[in-house]
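Position 149 of the sequence shown, counting from 1, maps to 196 under our numbering, and the rest follow consecutively. Built from N, CA and C at the ideal position, the CB exists for glycine as well. Remember, it's a predicted structure, so these values are computed and weren't measured experimentally.
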Amino acid sequence: GPIDVAFVSHWFDHPRFLDAVADRVRAALRRFPHQVQDQVPIIFTAHSLPQRILADGDPYPEQLRASMAGVMSRLGGHHPHEFAFQSAGRSHQPWLGPDAGAVLERLVSAGNRHVLICPIGFVADHLEVLYDVDVEYRRRAQELGARIERTDSLNAHPLLIEALADLVTTTARERGWV
């Protein structure tokens, strides 16, 4: 017979997901010199999409910013931070911004010699993170005399797995499957 499928509408604000990202941010901040760890600006990033999604009422940008706010509340909120998009397509249509590379350049031009990039929109190792951040943005930062670090991807972080398990269990209960 037909397979019964259920979709999870969202999980950008799941407490365990936010805890996992905050854990990765704390670990990455420890890679900077101790005396600057509390002042390192954090750029939270996600994959850019065509701006036309805004006309359709897509909540993507707002959900990402809400995730960032949830992580920052877990970190005490004292780090300078902002949100940017990466990996915009090469088409003639406008894409969501600001561009993460431009934000990085602005922060470094303002005197920041250490910057943390947290690709919050990517939960697993992904070519566009590994190349855009680890190669392109790192090269840009070095050319400008700065150092960047990137949070490790969540991959199989135990707190992410807890979040996903909770989402599956909750959805299965709502559907009457368990």
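Pairwise C-alpha distance: residue j and residue i
| i | j | result |
| --- | --- | --- |
| Leu96 | Leu143 | 6 angstroms |
| Ala147 | Phe64 | 22 angstroms |
| Arg112 | Ile167 | 10 angstroms |
| Leu177 | Ala93 | 13 angstroms |
| Val87 | Val162 | 6 angstroms |
| Ala67 | Glu221 | 25 angstroms |
| Asp60 | Gly117 | 7 angstroms |
| Asp179 | His173 | 10 angstroms |
| Ile100 | His139 | 15 angstroms |
| Trp191 | Ile208 | Looking at the sequence itself, residue 191 is Leu, so the reference to Trp does not match. Taking the straight line from one Cα to the other gives about 38 angstroms. |
| Ile164 | Pro49 | 44 angstroms |
| Val170 | His204 | 10 angstroms |
| Arg71 | Ala135 | 25 angstroms |
| Ser137 | Leu211 | The residue asked about is misnamed: residue 137 is Arg in this sequence, not Ser. Cα-Cα distance, rounded: 33 angstroms. |
| Pro80 | Ile89 | 15 angstroms |
Endpoints, the alpha helix (DSSP H) within which residue i is located
| i | result |
| --- | --- |
| Glu209 | 205 to 221 |
| Glu226 | Lying before the first or after the last residue shown, residue 226 is absent from the chain, which here runs from 48 to 225. |
| Ala113 | 107 to 122 |
| Ala147 | 147 to 156 |
| Ile50 | Segment: none, Ile50 is in no alpha helix (DSSP H) and carries neither H nor E. |
| Ile100 | 99 to 102 |
| Leu65 | 62 to 76 |
| Leu177 | 174 to 178 |
Within-8 angstroms CB hit, residue i to chain B
| i | result |
| --- | --- |
| Arg112 | Considering every chain present, this structure includes no chain B. It has just one protein chain. |
Boundaries (first-last residue) of the beta strand (DSSP E) holding residue i
| i | result |
| --- | --- |
| Ile167 | Segment: none, Ile167 is in no beta strand (DSSP E) and carries neither H nor E. |
| Ala93 | 89 to 94 |
Residue i Cβ short of 7 angstroms to the ligand MG heavy atom set
| i | result |
| --- | --- |
| Leu214 | This structure does not include the ligand MG; it has no bound ligands of any sort. |
Counterpart residues of residue i in DSSP-defined beta bridges
| i | result |
| --- | --- |
| Phe132 | Ala93, Asp146 |
| His161 | Arg194 |
**OP:** Could you say if the stretch 154 to 163 and the stretch 104 to 124 meet the contact criterion of at least three C-beta pairs nearer than 8 angstroms?
**Re:** no
Original post:
Can we say the stretch 55 to 75 touches the stretch 194 to 209, given the rule of at least three CB pairs closer than 8 angstroms?
Top reply: yes
**OP:** Could you tell me whether the stretch 126 to 146 touches the stretch 52 to 68, where touching means 3 or more Cβ pairs closer than 8 angstroms?
**Re:** no
Original post:
On the three-pair Cβ rule with 8 angstroms, is the stretch 206 to 219 touching the stretch 180 to 198?
Top reply: no
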